[in-house]
Structures are given as structure tokens and as C-alpha cells.
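For reference, the structure discussed in these notes is given below.
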Amino acid sequence: MLRPNSSDICACVSHTVSSSTQTAQYRRRLIDAGIIGEKRRGVVAFELPYFRAYLEHRL
Numbered sequence: 565m566l567r568p569n570s571s572d573i574c575a576c577v578s579h580t581v582s583s584s585t586q587t588a589q590y591r592r593r594l595i596d597a598g599i600i601g602e603k604r605r606g607v608v609a610f611e612l613p614y615f616r617a618y619l620e621h622r623l
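First residue of the sequence shown: 565, per this note's numbering; consecutive thereafter.
Below, the structure is given as C-alpha cells:
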């Protein structure tokens, strides 16, 4: 289940990779793809409409 806290996005990514360098790479790829966006330093959130609901349904 996805929590409303936007920082959970990076936590999910960090659980799937083994190092902080890999986490940063995947975070950057998600930002570049427009799936997540930086709201302020250290905070990201979903950018795609209804993407959170889709993930909650699929997970």
C-alpha cells in the first residue's frame, strides 16, 4: 500500500536496489520520464494523474 507521504516513493526505490548510487540513478530516471517530480529539496511526488491509484490497485 502506498502512503500519502511523497518521500515513500524514494523509499520504495531504495528497497529494490542495493546502493544509494543506484537509488539516485532510478530516482533521476523517474524524474526525467515525468513519473515523479521534485517538489522541494529531498521531496518528490507522483506527477502522472491517477498513477498513485493505479499502483495501489495493482499492488
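We put the CB at the ideal spot given by N, CA and C, even for glycine.
Source: prediction; values computed, not measured.
Exposed or buried, valine 607, counting other C-beta atoms within 10 Å across all chains shown (16 or more means buried)? Valine 607 should be labelled exposed.
Segment limits, beta strand (DSSP E) that includes isoleucine 600: Note, isoleucine 600: beta strand (DSSP E), 600 to 604.
In three-state DSSP terms, what is alanine 588?
Secondary structure of alanine 588 (DSSP, three-state): helix.
Worksheet item: Contact check, phenylalanine 610 vs isoleucine 600 under 8 Å by CB: the rounded distance?
Response: Contact flag correct, Cβ pair sits at about 6 Å.
Alpha-carbon to alpha-carbon, threonine 585 and tyrosine 614:
The straight-line gap from Cα to Cα measures roughly 29 Å.
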